[in-house]
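Residue numbers (the working numbering): 1 to 148.
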């Protein structure tokens, strides 16, 4: 686990109390890849699979965590909010929830940080996947706004 992972997990648990309730853990955190997990038991539905709202929350948090990692690395303190998102539920999740966000475009992040510096507000679109032993169960794409 990188030095960033414990800081990120502490920040999530202190600033977003839901993360404690649903059992979010930071598995991996760098400026290139963030992986979160959450146990099935506090996120289970009546079909004994992960509740769609929990899957959405973990996906949102994975993207939020990537923005946090990037801002932390740049020494920037700013607010991060989800603006909008699209989610596709492809397979049921009947195991620990594993979400992963990978940087797709360095140029997009650079542009976002330039706008943040110039206008006090930037925006970045990030993809997240929730992966099970059977394959990709959820595809999520969120637009995050960063403001000072």
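A virtual CB, placed ideally from N, CA and C, is assigned to each residue, including glycine. As the structure is a computational prediction, the values presented were derived from the model and not from experiment.
Counting along the chain, residue 9 sits inside the alpha helix (DSSP H) bounded by residues 4 to 15. For a cut-off of 8 angstroms, the C-beta gap from residue 65 to residue 101 is around 7 angstroms, short enough to register as a contact.
The continuous beta strand (DSSP E) containing residue 125 extends over residues 121 to 132.
In the DSSP assignment, residue 93 falls outside any alpha helix (DSSP H), carrying neither H nor E.
DSSP places residue 105 outside both helix and strand once states are collapsed to three, so it counts as coil.
According to the DSSP assignment, residue 52 belongs to the alpha helix (DSSP H) that extends over 52 to 74. Within the model, the alpha-carbon separation for residue 23 versus residue 38 is close to 5 angstroms.
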